[in-house]
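What follows is a short report on a single structure.
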Amino acid sequence: MRLLRINQVVERIQDPSFALQIIQVIRFAAVFLVSVLLVKVGVSNSTIGSYEYVLFIASILTGVWTNGVFQSFLLQSGGQESNRRLLLFRRYSIFVFVLSFILFLAIYFCGDFFIQLLGFNELPRGFYFFIGFHFVFHGSYLVALKYFLEGKVFKMYCFGLSFFFSYLVVFSLFAIEGIELYQVFQVLAVVGGLYFLFWIREYKLHVDLRRFQNVKIHFKGFSVLLFIQAIAALSLWSDSWWVQYFYGNGEAFALFRYGAREFPLFIILNAAFGTAMLGYLSSDKEMGMARIKKGSRRFIYSFGILYVLLMIFSNTLYKSFYSADYIQSSVIFDMYLTIVVVRVIFPRSVLIGHKLYVGLIVISLMELGLNLFLSYYLHEIFGVSGLIFATVLAHFIEMVVMVIYLKMVKGIRGRDYAPLGEFTGFVIFVIVIFVTKYLVHGFDKLAINF
């Protein structure tokens, strides 16, 4: 029996879709540990706020389009022979590099104008070094997706670990007395250069161009996916925008971003799995939905356990990892945990897999508009707590509409890709745990004041 369990663990570790999720978790872990490091070495809250603000802006500038590129690459490459996949990888790499370069130039020369136009605060010193690293590292994620399609799991893990250690080592420079944030960003830009060289090496691997002259990017579906993912990214980061708009990008912004830290963990696991499933849906839709349902059930139980532990120990964890100054962040953390209810089923992946792009665009725009509307008015009533619950509510409504749309348009029932009975129990479970905690600690704790 023990040997059987070991074999199951090994099989799980060798699963490319699992490895893709682990890469995302590793990336999140690196960012999380850096946030702990900054507090422990005594970096000022204003400097931490500047770092979080740069990370926030950089995430928007990549998140609004890279996810669409990656999903399009997987959809087009799924089921293709190795040379054709490699040629697609090269063409997508060129596109990502060119677009990143154009965006960098636009930000460098017109950044101040757009910052004022869109209601952002001033960019901290060293921002352009960080954004250069960020563009290169996120673009090179195409290499990890190429490894995924080739089943090269060991190389996938190496890719993730390289970021983990390099990111931590660079920010460990803060342990040196007198080091400033912009200097750390300069070193990080050098690391970005190394990732670029690695990307070029993968790009130059042999491909028989004579046999595949007609391989090209399908820009029609590609552009739609870019638009859909841009909407999703804007909705995801809207709360941070509201906070910097109302409270600035200093200490209050740092407290908020530290509280929202766990929200990205659920997102990256959800996004990595959903993205991996596109490769299966592109070749066999029935098999793909069966795998999605199996993965959804696994998420319900694993996220459920994690949710309970985090809700019980969140205050203690924040005092231990950070300091007593971040207790308000732990309350924000608890509120964001409730959004886990929309991270365990995957109607969005099914919609993309069936190329229902128009419906997905309409639903995504509806969610973004609803989120912005609710955020503004609930903030007037409940402050920062209103922003968070507006996001949770908007995402839940979006998920329900997607499920209904799939049933109406394609006749695809929710139970075809999700364990609906277990999901319903999970939603009730999340609400009961949250209410129980704040019945004990007092609902007045939910009033966040910066």
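In the numbering used here, each number is its position in the sequence shown, counted from 1, plus 556. In this text, a Cβ means the ideal position worked out from N, Cα and C, and glycines have one as well.
**Request:** Between the Cα of Val-581 and those of Val-940, Leu-821, Phe-693, spot the shortest distance and give me the residue it belongs to.
**Result:** It is Leu-821.
**Request:** Please specify which runs of the beta strand (DSSP E), each continuous and at least 3 residues long, are wholly inside the segment 902–946, giving them in chain order.
**Result:** Qualifying beta strand (DSSP E) stretches: none in this window.
**Request:** Can you tell me which of Lys-850, Phe-945, Val-620, Leu-866 puts its alpha carbon nearest to the alpha carbon of Ile-895?
**Result:** Answer by Cα proximity: Phe-945.
**Those runs of the alpha helix (DSSP H) which lie wholly inside the segment 635–710 and span at least 4 residues** = The segment 635–710 contains these whole alpha helix (DSSP H) runs: 638–673, 683–695, 697–706.
**Request:** Please report the Cβ distance between Trp-798 and His-935, rounded to the nearest whole angstrom; I am assuming they are in contact, meaning their Cβ atoms lie under 8 Å.
**Result:** Yes, they are in contact, since the Cβ atoms of Trp-798 and His-935 sit about 7 Å apart, within 8 Å.
**Residues near Leu-976 in its chain [Cβ-Cβ closer than 8 Å; skip 5 each side]** = Counting only Cβ-Cβ distances below 8 Å, and skipping sequence neighbours, we find Gly-970.
**Asked** Roughly how many whole angstroms lie between the Cα atoms of Asn-601 and Phe-877?
**Response** Each residue's Cα considered, the two are about 15 Å apart.
**Message:** If the criterion is Cβ atoms closer than 8 Å, does the pair Ala-789 and Gly-619 meet it?
**Reply:** Yes. Within cutoff.
**Message:** Below 8 Å on the Cβ atoms is my contact criterion, and I expect Gln-813 with Phe-719 to pass it. Report the Cβ-Cβ distance as a whole number of Å.
**Reply:** Note on identity: in this sequence residue 813 is Arg, with Gln being the wrong assignment. About 20 Å separates the beta carbons of Arg-813 and Phe-719, which is beyond the 8 Å limit, so they are not a contact pair.
**Message:** In this structure, how does DSSP classify Val-620 when only helix, strand and coil are distinguished?
**Reply:** The answer is coil: DSSP assigns Val-620 none of H, G, I, E or B.
**Item:** CB contact flag (Asp-795, Ala-816, <8 Å)
**Value:** Yes. Within cutoff.
**Request:** Check whether the Cβ atoms of Leu-907 and Leu-916 sit closer than 8 Å, and answer yes or no.
**Result:** Closer than 8 Å, so yes.
**Message:** How far does the alpha helix (DSSP H) with Arg-854 in it extend, from its first residue to its last?
**Reply:** 841–877 is the extent of the alpha helix (DSSP H) around Arg-854.
**Request:** Please state whether DSSP places Val-948 in a helix, a strand or coil.
**Result:** In the structure shown, Val-948 adopts helical secondary structure according to DSSP, grouped into three states.
**Prompt:** Exposed or buried, what is Lys-596 when buried is set at 16 or more other beta-carbons lying within 10 Å of its beta-carbon?
**Reply:** Its Cβ having fewer than 16 others within 10 Å, Lys-596 is exposed.
**Asked** Taking C-beta to C-beta, are Ile-823 and Met-833 nearer than 8 Å?
**Response** Met-833 is positioned such that its CB atom lies no closer than 8 Å to that of Ile-823.
**Item:** Met-958 classed as buried or exposed, judged by whether at least 16 other C-beta atoms fall within 10 angstroms
**Value:** By the Cβ-count criterion, Met-958 is buried, with 16 or more other Cβ atoms from all chains shown falling within 10 Å of its own Cβ.
**Request:** Compare the beta carbon distance of Phe-829 and Gly-860 with 8 Å and say whether it is the shorter of the two.
**Result:** Taking 8 Å as the Cβ cut-off, Phe-829 and Gly-860 do not qualify as a contacting pair.
**Residue from Leu-930, Phe-855, Leu-811, Arg-853 with nearest C-alpha to Ile-1004** = With distances taken between Cα atoms, Ile-1004 lies closest to Leu-811.
**Request:** Please state if the CB of Gln-577 and the CB of Leu-753 are separated by a distance shorter than 8 Å.
**Result:** Contact flag unset, no.
**Request:** Put Ile-735 into one of helix, strand or coil per three-state DSSP.
**Result:** In the three-state scheme derived from DSSP, where H, G and I count as helix and E and B as strand, Ile-735 is classed as coil.
**Prompt:** Using the rule of at least 16 other Cβ atoms within 10 Å of the residue's Cβ for burial, across every protein chain shown, is Tyr-801 buried or exposed?
**Reply:** That one is exposed.
**Asked** Do you know how far the Cα of Leu-729 is from the Cα of Glu-678?
**Response** Computed Cα separation, rounded: 25 Å.
**Asked** Cβ of Val-747 within 8 Å of Cβ of Phe-660?
**Response** Contact: no.
**Tyr-961 (DSSP reduced to helix, strand or coil)** = Helix, per DSSP.
**Request:** Buried or exposed for Ser-638, please, with buried defined as at least 16 other CB atoms from any protein chain shown within 10 angstroms of its CB.
**Result:** Counting the other Cβ atoms within 10 Å of the Cβ of Ser-638 gives fewer than 16, which makes it exposed.
**Message:** Using only the alpha-carbon positions, how far apart do Asn-871 and Leu-737 sit?
**Reply:** So the two alpha carbons sit approximately 29 Å from each other.
**Item:** Distance between beta carbons of Ser-649 and Tyr-759, contact taken as under 8 Å
**Value:** With a beta-carbon spacing of about 5 Å, Tyr-759 and Ser-649 fall inside the 8 Å limit used to define contacts.
**Prompt:** Can you give the Cα-Cα distance for Thr-1077 and Val-965, rounded to whole angstroms?
**Reply:** Since the first and last residues shown for the chain are 557 and 1006, residue 1077 lies out of range.
**Request:** Tell whether a beta-carbon distance below 8 Å holds between Ile-888 and Val-956.
**Result:** At a Cβ-Cβ threshold of 8 Å, Ile-888 and Val-956 do not count as neighbours.
**Request:** Using three-state DSSP, classify Phe-1006 as helix, strand or coil.
**Result:** Of the three classes helix, strand and coil, the one that applies to Phe-1006 here is coil, per DSSP.
**Message:** For Phe-741, which residues in the same chain have their Cβ closer than 8 Å to its Cβ, ignoring the five residues on either side in sequence?
**Reply:** Answer for Phe-741: Val-610, Gly-682, Phe-683, Phe-685, Phe-686, Phe-689, listed in chain order.
**Phe-929 versus Asp-668: straight-line alpha-carbon distance, rounded** = Between Phe-929 and Asp-668, the C-alpha separation is close to 27 Å.
**Prompt:** If you run the structure through DSSP and keep just helix, strand and coil, what is Gln-570?
**Reply:** Coil, per DSSP.
**Item:** Backbone CA spacing between Thr-831 and Ala-585 [nearest angstrom]
**Value:** Computed Cα separation, rounded: 20 Å.
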